[in-house]
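Those sequence lines, one after another, are chains A, Z and C. So the number in our numbering is just where the residue sits in the first sequence, counting from 1, plus 387. So the number in our numbering is just where the residue sits in the second sequence, counting from 1, plus 387. So the number in our numbering is just where the residue sits in the third sequence, counting from 1, plus 387.
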Amino acid sequence: MNKKSGSEPDYEIRFRVENLHARYAHALDADKLEDWPNFFTEDGIYRIATAENEARGLPLPVLYAEGRAMLRDRVASLRHANIYEPQRYRHIVSSILIEEAGKNTVKSAANFLVVRVMQDGQALLFASGRYLDRIVVVPEPLYAERVVVCDSRRFDTLLAIPL
Amino acid sequence: MNKKSGSEPDYEIRFRVENLHARYAHALDADKLEDWPNFFTEDGIYRIATAENEARGLPLPVLYAEGRAMLRDRVASLRHANIYEPQRYRHIVSSILIEEAGKNTVKSAANFLVVRVMQDGQALLFASGRYLDRIVVVPEPLYAERVVVCDSRRFDTLLAIPL
Amino acid sequence: MNKKSGSEPDYEIRFRVENLHARYAHALDADKLEDWPNFFTEDGIYRIATAENEARGLPLPVLYAEGRAMLRDRVASLRHANIYEPQRYRHIVSSILIEEAGKNTVKSAANFLVVRVMQDGQALLFASGRYLDRIVVVPEPLYAERVVVCDSRRFDTLLAIPL
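See below:
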């Protein structure tokens, strides 16, 4: 998606995709985890990978979930594990590229940065990387697949929340 | 503003609002504080709050200013206090959501990150959070209200500049 | 470019410019340095400056390259020097302002932030500043001039990669 493509989507589709990315970020940052599965299609795929593994062609994901039911399970586990969750997250998303990928479907690539703010006010860079998405745009835009390619391979605390 | 709304503004309005956010960021980063009040309506409100207080429903703002005159006073105080201001700030704004909110008015939510670069070149995360805005779009877009909801509750140095 | 201008470009041009900025960022972050000169016109100028020097009116750039041939030389030097380059970079670009600047040409200003992720997973703020661009928009958008104004004046490691 680094080259200008002949199959550029129109403004309406671009707007809807950018809007989807923005609502996703705001939902996570507002800790509305229960809304998270609803950004995916019923059988949507969510995958976290490292840039290192992607570059090596290793398909081993750090995390893999398929379908809203699995995403809901993931949220339930997180809620159960994190009774007390004082930190906050802030997603910054930029450099969104969109191209058509079949009927009512687009591919999107975007850069992201997530900042974590601790209870004591300390802020740190929590994660950075790329979103590589396949998005169904009608009747409303939803992720058929969202792959989160993280720049770092350190994932001890990273798995605490969806990215 | 996390749900897709039926009252989505058209491209022209979206463009004007995004342009307002961008010009605001560039003005602050260029230390053009005297221009800052002019991004607001004559009786525009500027408020800094913490995410913690907002979540608790505590209306106590960290900072509150109403009307361009008060904003100008604020700038004058800052200029008086900071004879020598060697640091620089850089605003990053993303995930802008916009929805109509009455005649010639829109609401906007956006994520932001501010980096501070010290005299010696050291860069640090200075602030992150959300802009929650009410914007009058004609004749030119201006903030009728800009609420800066900061993720951190530490504000010792944060009040040095407008966010 | 901080004031609302009468010569705002249309959506099509805005889209093409934002797309150029996004493809540029993704190419660098994917370490596709050999593609980098192709984002410039044949005699395009690439310049890195510090905000401090720009403010003082000192035209001394940290780095200056004119024309694709010089940019290719730069890439060759980087490739030769950095046999082993384990770190990753992530560009975040926001607050893009665009205005017309003659036939088939626009000026663009944008804020950027570059994060560097080291081999051990440590992430740090590598650079921040402004892109000040002159862009030819037809037949395809290319940088006639890209000036990278960095907030920091520390450049020991900064010169390792194009920004």
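Ideal Cβ positions, reconstructed from N, Cα and C, are used throughout, including at glycine. Treat the numbers as computed from the prediction; the structure is a model and nothing was measured.
| For residue 465(Z), which residues from the same chain have a beta carbon less than 6 Å from its beta carbon, with the 5 sequence-adjacent residues on both sides left out? | None.
Look at residue 409(C) and residue 516(C) and say whether their C-beta atoms are less than 8 Å apart.
Not closer than 8 Å, so no.
Measuring only from the beta carbon, is residue 528(Z) closer than 7 Å to any heavy atom that is part of the ligand HEM?
Ligands displayed in this structure: none; no statement on the ligand HEM is therefore possible.
Next on the checklist: Taking the beta strand (DSSP E) that residue 463(A) belongs to, which residues open and close that run?
Outcome noted: Careful: residue 463(A) lies outside any beta strand (DSSP E), inside the alpha helix (DSSP H) at 455-468.
**Request:** If I'm right that residue 454(C) touches residue 430(C) with Cβ under 8 Å, what's the distance once you round it to whole angstroms?
**Result:** Here residue 454(C) really is in contact with residue 430(C); their C-beta atoms are around 5 Å apart, less than 8 Å.
Worksheet item: With burial defined as no fewer than 16 other Cβ atoms inside 10 Å of the residue's Cβ, what is the status of residue 405(A): buried or exposed?
Response: By the neighbour-count rule (16 or more Cβ atoms within 10 Å), residue 405(A) is buried.
Quiz item: When we look at the beta-carbon of residue 398(Z) and count the other beta-carbons within 10 Å, is it buried (16 or more) or exposed?
Solution: Residue environment for residue 398(Z): exposed (fewer than 16 other C-beta atoms within 10 angstroms of its C-beta).
Counting C-beta neighbours from all protein chains within 10 Å, is the total for residue 477(Z) 16 or more, i.e. buried, or is it exposed? It counts as buried.
Closer than 8 Å to chain A by CB, residue 496(C) = Closer than 8 Å: no.
How would you label residue 393(A), buried or exposed, when you count the other beta carbons within 10 angstroms and need 16 or more for buried?
-> For residue 393(A), the pLDDT reaches just 46, beneath the cut-off of 50, and the residue's location in the model is therefore unreliable, although a value from the coordinates is still provided. Around the beta carbon of residue 393(A), a 10 Å sphere encloses fewer than 16 other beta carbons of the protein chains shown; the residue is thus reported as exposed.
- prompt: Are there three or more Cβ pairs, one per stretch, closer than 8 Å when the stretch 490-509 of chain A is compared with the stretch 481-498 of chain C?
  reply: They do not touch, by the three-pair rule.
Exercise. From which residue to which residue does the beta strand (DSSP E) around residue 434(Z) run?
Worked result: Taken as a continuous stretch (DSSP letters only), the beta strand (DSSP E) holding residue 434(Z) covers 427-437.
| said: Check whether chain Z comes within 8 Å of residue 535(A), counting only Cβ atoms and requiring the distance to be less than that. | reply: So no, residue 535(A) is outside the interface.
Nearest candidate by alpha-carbon position, reference residue 512(A), set 522(A), 533(A), 443(A) and 537(A): Taking only the C-alpha atoms, the option nearest residue 512(A) is 537(A).
Report back the beta-carbon spacing between residue 514(Z) and residue 523(Z) to the nearest angstrom; my notes put them in contact at under 8 Å.
Approximately 26 Å separates the beta-carbon atoms of residue 514(Z) and residue 523(Z); this is outside 8 Å, ruling out the contact.
When DSSP labels each residue in this structure, what does residue 485(C) get in the three-state scheme? Residue 485(C) falls in the strand class under three-state DSSP.
Quick check on residue 447(C): buried or exposed, where buried means 16 or more other Cβ atoms within 10 Å of its Cβ? Around the beta-carbon of residue 447(C), fewer than 16 other beta-carbon atoms lie within 10 Å, marking it exposed.
- Query: To the nearest angstrom, how far is it from the Cα of residue 456(A) to the Cα of residue 541(A)?
  - Reply: Looking at the two C-alpha atoms, the distance is approximately 27 Å.
Short Cβ contact (8 Å threshold) for residue 501(C) with residue 482(A):
At a Cβ-Cβ threshold of 8 Å, residue 501(C) and residue 482(A) do not count as neighbours.
When you check each C-beta in the stretch 478-490 of chain Z against every C-beta of chain C, which residues fall closer than 8 Å? So the close ones are 478, 479, 480 and 481.
Margin query: Please tell me whether residue 538(A) has its Cβ less than 8 Å away from any Cβ of chain C.
Written below: With a threshold of 8 Å between beta carbons, residue 538(A) makes contact with chain C.
Going by the DSSP bridge assignment, what does residue 422(C) pair with across the sheet? DSSP links residue 422(C) through a beta bridge to no other residue.
Query raised in the report: Which residues in chain Z sit within 8 Å of residue 366(C), going by Cβ to Cβ distance?
Result: The structure shown does not extend to residue 366(C), since chain C is modelled only from 388 through 550, so no value can be given for it.
Determine the direct distance from the alpha carbon of residue 434(A) to that of residue 550(A), and round the result to whole angstroms. About 10 Å.
| query | Candidates 449(Z), 521(Z), 432(Z) and 459(Z): which alpha carbon is nearest residue 539(Z)'s? | reply | In terms of CA proximity to residue 539(Z), 449(Z) leads the group 449(Z), 521(Z), 432(Z) and 459(Z).
**Report entry** Under the three-state DSSP convention, the category residue 396(C) falls into
**Finding:** Look at residue 396(C) here: in three-state DSSP terms it is coil, with no helix or strand label.
Quiz item: With a CB to CB cut of under 6 Å and the five nearest residues on each side skipped, what residues in its chain are close to residue 452(Z)?
Solution: Cβ within range, chain order: 433, 458 and 461.
Compare the C-alpha of residue 474(A) against each of 527(A), 412(A) and 507(A) and name the closest.
Of the listed residues, the one whose Cα sits closest to residue 474(A) is 507(A).
task: Using alpha carbons as the reference points, say which of 401(Z), 412(Z), 395(Z) and 548(Z) lies closest to residue 499(C).
output: When each option's Cα is compared against that of residue 499(C), the closest is 412(Z).
Going by beta carbon distance, what residues of the same chain come within less than 6 Å of residue 533(C), once the five residues before and after it are set aside?
Taken in chain order, the residues that qualify are 433 and 520.
Point to revise | Cut-off 6 Å between Cβ atoms - residues of its own chain near residue 424(A), not counting five sequence neighbours on either side | key: Hits under 6 Å: 455, 458 and 459.
Identify the continuous beta strand (DSSP E) that holds residue 520(C) and give its terminal residues. Per DSSP, residue 520(C) belongs to the beta strand (DSSP E) from 510-523.
Out of 421(Z), 518(Z) and 485(Z), which has the shortest C-alpha to C-alpha gap to residue 467(Z)? When only C-alpha atoms are compared, the closest one is 421(Z).
### Query
Where does the unbroken beta strand (DSSP E) through residue 550(A) begin, and where does it stop?
Residue 550(A) -> no beta strand (DSSP E), and no H or E assigned at all.
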